[in-house]
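Residue numbers (this note's numbering): 154 to 262.
Rendered as structure tokens:
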């Protein structure tokens, strides 16, 4: 018997792959259709016949975590500043650094 966490992970992966097949259908129709048939086949005759007959996915804005989005924006700025500092010092991105110190006065973890 599988744990509930494992089943939740499988369902999340399934939802992601189904949504991905809908998103890429206009661009790579044959790959999207193959993915769709392998995923939707578990529902048998109740499944929609083709990914191209499905509605295009719409974002659910209620699921957006604004605090997480703000923190990711801060991380993007930090990464950009880090790349800029490396470029100014003529250090390659692949070259590891001994240490990096980041000070952010207005950030609460």
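Ideal Cβ positions, reconstructed from N, Cα and C, are used throughout, including at glycine.
Going by beta-carbon coordinates alone, are residue i and residue j separated by less than 9 Å?
| i | j | result |
| --- | --- | --- |
| residue 193 | residue 204 | yes |
| residue 231 | residue 255 | yes |
| residue 250 | residue 258 | no |
| residue 210 | residue 165 | no |
Quick check on DSSP: helix, strand or coil for residue i?
| i | result |
| --- | --- |
| residue 208 | coil |
| residue 157 | helix |
| residue 226 | helix |
| residue 203 | coil |
| residue 191 | helix |
| residue 251 | coil |
| residue 217 | coil |
| residue 320 | In this structure the chain extends from 154 to 262, so residue 320 is not present and cannot be described. |
| residue 113 | With the chain running from 154 to 262 in the structure shown, residue 113 is simply not present. |
| residue 259 | coil |
Next on the checklist: Under 8 Å, with one C-beta from each stretch per pair, do the segment 180–194 and the segment 204–218 reach the 3-pair mark?
Outcome noted: yes
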